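Everything below concerns the one structure shown next.
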């Protein structure tokens, strides 16, 4: 995990501020990184599955692969959205010391680590899809997961989008918001929200 930066007494110049702002702006741009080699699909149905590092998305993936995917007719598309790198607000745009590195280096290193974690996740689950005999694409994205997932499922012409749910109550969802709720209301295709059964949750306890 990336070491948190600590402030120093050195204040950045206007040029350093501008360079850091430009770097952060570049890292807010959307990405589309294909993780697995794939050929154009002739399959009749595209099933997109959202993945993150939670037990809930792992259960949604397992449920979909075991109960919904037909390897003869379906192409599975795995989607992971990594966070945009942001300097912690408490540090502002001052120079930061992370073992001798400045803010620019810290931003690069954090993005590289986030990207590597995303790619590992997609490869891990992609291998399971291929083992099951289904065609698979795995795509790494960056940004707000709500916007990125809605946009990408539309671009893919997905026939079904599957996403895990933490099973929050209605009041908590109202205050905190929910990626799954957002996708249900904004995706162009049908959305299946998979909530982990209690026995599955207990296995993680």
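Numbering (the UniProt record's numbering), first residue to last: 1 to 205.
Using N, Cα and C, we set each Cβ at its ideal position, and we do this for glycine too.
For clarity, every value in this text was computed on a predicted model and none was experimentally measured.
Check                                                                                                            : Outcome
Stretch pair the region 136 to 143 + the region 28 to 41: three plus CB contacts closer than 8 Å                 : yes
Separation of residue 106 from residue 73, as counted between CA atoms                                           : 45 Å
C-alpha distance - residue 109 paired with residue 61, whole-angstrom precision                                  : 30 Å
8 Å Cβ cutoff met for residue 59 and residue 150                                                                 : no
Integer Cβ distance of residue 80 from residue 122, believed to fall under 8 Å                                   : 6 Å
Cross-strand partners of residue 140 (DSSP beta bridge)                                                          : 33, 80
Residue 75, buried or exposed, once every other Cβ within 10 Å from all chains shown has been counted against 16 : buried
C-beta contact flag for residue 136 and residue 158 at 8 Å                                                       : no
Whole-Å CB distance - residue 82 paired with residue 115, under 8 Å assumed                                      : 7 Å
Neighbourhood of residue 52 by C-beta, 7 Å cutoff - its chain only, sequence neighbours within 5 removed         : 80
Where residue 185 falls, given that 16 or more other Cβ within 10 Å makes a residue buried                       : exposed
Proximity of residue 77 and residue 139 at Cβ, strictly below 8 Å                                                : yes
DSSP-derived helix/strand/coil call for residue 54                                                               : coil
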